[in-house]
Each structure stands twice: as structure tokens, then as C-alpha cells.
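Residue numbers (my numbering): 4 to 172.
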């Protein structure tokens, strides 16, 4: 059994209901949801949108291989209304790197494995830059160590929240 960290998010439609549905489908198709964080509201990251995002972290116990977890997550996203083709059109029109969506399911950790191939990067490559990932994740996995940096999720969150130091003049 692998200990998997998954982040749910979305900002269009009935987001809270969609996150609940995603959690049920993950429990049914990927593995037992052992812990889940509260839902956190955050501003869109990397683009402008009318609606805020809601994010929630899950810790899941699974027998599936990493790429099987990824495929299940993508299938659940599509079933819950995510349309990547429409997002691509919106990104092209706005020039923004991201777009609003009803659901986003990201695989953050798969145990302590490190995977970097054309389909999957684990740990998630931008997690340490994103409070909307680290805040809910720290609620349920604060002491889990990032397999590359060696820092705990709590330490990553604290580092992100530290104010930038201005050089002395």
C-alpha cells in the first residue's frame, strides 16, 4: 500500500459539491481516503479569474501504481466536468498559463517516490511555491518529508510564508 497525497481544487460551478463527489470517486477508484483537510479558499494562482478557488488535500492509501493513480484522477476530472480543450482555448485567448475549471486533481506525493517522465512528475514540481497546496496538505501531513528536499510539509509552508528579506542599503 502506498501513501498518496492528492490535492483537489476548482473555482467554477458547484465547487464544494464537486469536491465531495471527487473525494467519493477517489475513495471508490483509487483507494481509501484516510484523511482529508478542510476546504480552503484562495485566489487564483498565475492568472486572473472572477471566482476564488477552493482546495482540499487528501491522504489516500492505494494499491495502484503511480501512473494508474494519474489515469484515475484524469478520468474523474473528466467525469466531473473538466474540459481541458476548452481550457486550452481560454488560455490561448487570454495568454494566461492557467484557466478556471470545475475540478483539478493533482497527485502531490506517491509515498517517497520520485518520478519524472513525460506524463508524471512526483513530487509535484511546483508544490513548494503554492500556499494553496501546502496549507491544506500541512493540516493532514505536516511531518511528511519531501523526498527531494528532505523538508517536512510544515517546513515548506513556513518557508513560503517567511517575508522576503530586503537587502540592506
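Ideal Cβ positions, reconstructed from N, Cα and C, are used throughout, including at glycine.
Please read these numbers as outputs of a predicted model, since none were measured by experiment.
- prompt: Nearest CA to the CA of residue 103: which residue from 132, 50, 62, 6?
  reply: The residue with the shortest Cα to Cα distance from residue 103 is 50.
Practice prompt. Have a look at residue 160 and residue 137 and give me their C-alpha separation to the nearest angstrom.
Written response: 6 Å
_What does the alpha-carbon distance come out to for the pair residue 18 and residue 126?_
25 Å
Self-check item: Identity of the residue in 142, 98, 9, 107 nearest residue 86 by Cα
Solution: 107
**Report entry** Nearest-angstrom beta carbon gap, residue 36 and residue 63 [assumed within contact, 8 Å]
**Finding:** About 6 Å separates the CB atoms of residue 63 and residue 36; that is less than 8 Å, so the two are in contact.
Integer Cβ distance of residue 97 from residue 5, believed to fall under 8 Å | About 37 Å separates the two Cβ atoms, so there is no contact after all.
Practice item. Under 7 Å Cβ to Cβ from residue 74, same chain only, skipping five residues before and after it: list those, please. Key: none
Problem set entry | Own chain residues within Cβ distance below 8 Å of residue 152, not counting five before or after | 131, 159
Exercise. Between which two residues does the alpha helix (DSSP H) harbouring residue 162 extend?
Worked result: 156–164
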